[in-house]
Amino acid sequence: MQTSSDRHEYPAHWEADVVLRDGGTARIRPITVDDAERLVSFYEQVSDESKYYRFFAPYPRLSAKDVHRFTHHDFVDRVGLAVTVGGEFIATVRFDRIDADGRPASSPADEAEVAFLVQDAHQGRGVASALLEHIAAVARERDIRRFAAEVLPANNKMIKVFTDAGYTQKRSFEDGVVHLEFDLEPTDRSLAVQRAREQRAEARSVQRLLAPGSVAVIGAGRTPGGVGRSVLDNLCEAGFTGRLYAVNTALQEKELDGVPAHRSIRDIAEPVDLAVVAVPAEYVPEVVTECGEHGVQGLVVVSAGYAESGPEGRERQRELVRQARTYGMRIIGPNAFGVINTSPEVRLNASLAPQMPRPGRIGLFAQSGAIGIALLSRLHRRGGGVTGVTGVSTFISSGNRADVSGNDVLQYWYDDPDTDVALMYLESIGNPRKFTRLARRTAAAKPLVVVQGARHGGAAPQGHAVRATRLPHATVSALLRQAGVIRVDTITELVDAGLLLARQPLPRGPRVAILGNSESLGLLTYDACLAEGLRPLPPRDLTTAASADDFHRALAEALADDGCDAVVVTAIPAVGETSAADEALAEALRSSAAAAPAKPVLVVHVELGGLAEALSAAASTAPQAAETAPGAAPGARFHPADRSPAAVSADAASDSRLIPAYPAAERAVRALAEAVKYAQWRLDAGEPGKVPEYEDIDEKGAARLIDDLLARGEGLTLGGEETGALLGRYGIDVHRSLPAPTPDDAVAAAHSIGYPVALKTTAPHLRHRADLGGVRLDLADEEQLRRAYTELTELFGTPTVLRPVVQGMAPRGVDTVVRAVIDPAAGAVLSFGLAGAASELLGDTAHRLIPVIDRDAASLVRSIRTAPLLFGWRGSAPVDTAALEELMLRVSRLVDDHPEVVAVSLEPVVVAPTGLSVLGATVRLARAPLRDDLGPRTLPVV
């Protein structure tokens, strides 16, 4: 809440760029006294009908008094926001705080009257809905909890904006006016509405870049070569179905190889949807201005010289994004490789890739152009375009991803009917919290495979603005897997997994049949399955004399076996084997697999190029370099663009069940193992878990205690009693311990607690390090306690240094650690592992995002490598894992309910055969950090 001394300060943090329903961008900002002329100009462009709906009477123009009122705000009780495009207003909203009688008021009144006005030309773009999200967030910040609005019954559009927002509301009709009241506290429905709108808007913004009706290449030169001319030639070669223009200030010609040529985009009479910018960085601002004034919808900036080049370039990049957003344009790049859309209706190759991939069902996203080239190349070599089934649907190489990022592309792929599998190479994740949310939703519909580069570099690549995270890469990887992401380590594994997921059904379990004509290769495959956690059946050796018919029968029998979920076929060449034999074997395997379409089949081949090609049939991800057009002279070349959409569709439909081939057993099995884990995740995701409701949790009492504690100051680490009191509100009992600064104090503490007791040091360098000898257990009487006290002080130092405590003995069990922390990038994370130096050294800790559901808690316990120690390893008694899961659920609830709890550490937690004991606990409090994922929709700040 602002004080009287600063209530007129301009709230710059309310400024935001947003994506509207049609995919264009706009800027939302507070209205100030300098906006008088803009407001008058805006109002003049509003229709009389819209003015009537706003003021309930004819209101042709604003008076000087109106202008003053609508531009002078205190940003506390009176607030106005405007939506701007090109620096001009297209919509406004304001609220005025009112009391119970509807009169102007100040705090503590918590209700405000709200009113909107949107230019008619921009109605239907979702402007009012975006404004409502932002003005509601502003109102909550100013302690306003409820909005009131009066709307004429005929103003259906505005009524729909309010009723569709998802807030809890009341509606009444009086004196010919609809009166609406709605609470501003976000609800599950309002968040769902907001995120659905976000998805549609961001997906549409990417679609406008990938499916333009017209493209201008700015910087295309007269002679072949050069970046701009290469992009223009690639667009022509691909057979782009829309209008194409070449733009260069030095051009005198009217055409470049049949493409209309202009010296400026302003000279083009028709609308231009997409501009590819390939001019030196110093000329880009002028080009962006011309594009914005011409109404261009989006830019692909392949020009370099931005954040990848240093601080000056970074500022140049920020200004580029700000300038483009001013005109409602989105940017791929700068320093981008380009975009490709293989749809027959588009055939867009606005990239530096010299050849157009075949149409297919795999979407590719790469932040690096070099990696993008490698991905396309590997898909080509692997026969990725099996009759169109596993070719490329869309390809985006974002370069510095200053604007359009992997999050935006996920929004597009989520409901893209042409994409079945998404492959992403990421060097950084700008908003991990949002990426995880989008990945979880996408993975529930289609596989998402991710490889993350720069994992161990300690910093994001130059040009990538990312949030700082304290989490190690292994933790981020675990959190992505929790969201359903298939995490792999190399682009080879990315392609391996992608081809399997695009070609084959998901396995129903981990049971794998292995058959082939090499006993050794079968055994290697068997070992690889065990190493990946699969359950292989004994390999079936068909011997080197096996024919194609033998393979067909053996595969059919394996697929018919109810005890088998997937089949790996191993094959080595016979002496003198011909390409005809390769084709016969491929056809035998395909026909057998087609008879059992519910189970995946993979082939491991050794030096069998012919078999790999036969399995991949006649098409590949990359274009055929020397295909001959039907009826053309021998040696004549044609491009995929020359093929009719019907022909492409026929190819795509000819066979949707072709078998991926791998040159090594380990690669095939690793891809299969990822598919098995993903299939299990999909199965679990289809049965939502729950966050249990515990009747003994005192959420309100904990909130009061937190408020009282934070009144002392920020960044507070609680003492022992305070920690026990807060955790106790959530049903977490911390084993009692008493300080023992002297031997007599230790004896008194033991008498209070009751023997037997433990004597422990709590000095930071000895805490939780029983292996160093700072703990004495099972002290049965005063004599043993005094002897132990003397031993500790003689070995490690004075009581002042050691800070000894006395604690009652807990039942024997397995020592574990439960922690929760708020990471600035990823959000709240719950971690679990066994206590002790060995687990820390090996990094044997599992992680889940908070809030944790019951299924997450169960998997958390079982996902560490040392989990067998909890379940009766080598004859020991199994411990109470149900109690451990409940403890983690309670910690998750505490952190999720109270964002002021920024860190919790329970160490050790001794889990016994029955029950558990929390022997040590620390809690850290701080003011609740901002949760941008719960706020209004906004593009990242540049």
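Counting in numbering that gives the first Met the number 0, the sequence shown runs from 0 upward without gaps.
All C-beta atoms, glycine included, are put in the ideal place defined by N, C-alpha and C.
Small disclaimer: the values here were computed from a predicted structure and weren't measured.
Where residue i falls: helix, strand or coil (DSSP)
i	result
residue 715	strand
residue 9	coil
residue 750	helix
residue 32	helix
residue 405	helix
residue 423	strand
residue 79	strand
residue 190	helix
residue 288	helix
residue 658	coil
residue 940	coil
residue 244	strand
residue 521	helix
residue 168	strand
residue 254	strand
residue 741	coil
residue 410	helix
residue 112	strand
Contact check, residue i vs residue j, beta carbons under 8 Å
i	j	result
residue 119	residue 211	no
residue 775	residue 749	no
residue 331	residue 397	yes
residue 884	residue 845	no
residue 511	residue 548	no
residue 491	residue 516	no
residue 669	residue 495	yes
residue 570	residue 554	no
residue 395	residue 446	no
residue 432	residue 825	yes
residue 588	residue 603	no
residue 181	residue 145	yes
residue 851	residue 888	yes
residue 795	residue 765	yes
residue 552	residue 513	no
Reference residue i; option with closest CA among the options
i	options	result
residue 759	850, 358, 348, 784	784
residue 598	537, 586, 503	503
residue 520	546, 472, 572, 492	572
residue 940	412, 217, 403, 103	403
residue 20	205, 97, 317, 763	205
residue 925	848, 716, 779, 934	716
residue 533	557, 686, 508, 216	508
residue 219	898, 855, 277, 259	277
residue 286	304, 264, 303	264
residue 683	355, 854, 895, 900	854
residue 708	694, 693, 725, 184	725
residue 479	493, 497, 436	436
residue 137	343, 109, 159, 787	109
residue 922	49, 901, 68	901
Exposure of residue i, with buried meaning 16 or more beta-carbon neighbours within 10 Å
i	result
residue 649	In this prediction, residue 649 scores a pLDDT of 31, lower than 50, which makes its location untrustworthy; the coordinate-derived value is nonetheless stated afterwards. Exposed.
residue 292	exposed
residue 751	exposed
residue 155	exposed
residue 309	exposed
residue 133	buried
residue 959	Past the boundaries of the shown model lies residue 959; the chain is included only from 0 to 941, so the question cannot be answered.
residue 311	exposed
residue 261	buried
residue 872	exposed
residue 81	buried
residue 451	buried
residue 79	buried
According to DSSP, residues forming a beta bridge with residue i
i	result
residue 297	273, 329
residue 815	833, 908
residue 180	147, 169
residue 846	830
residue 87	84
residue 103	97
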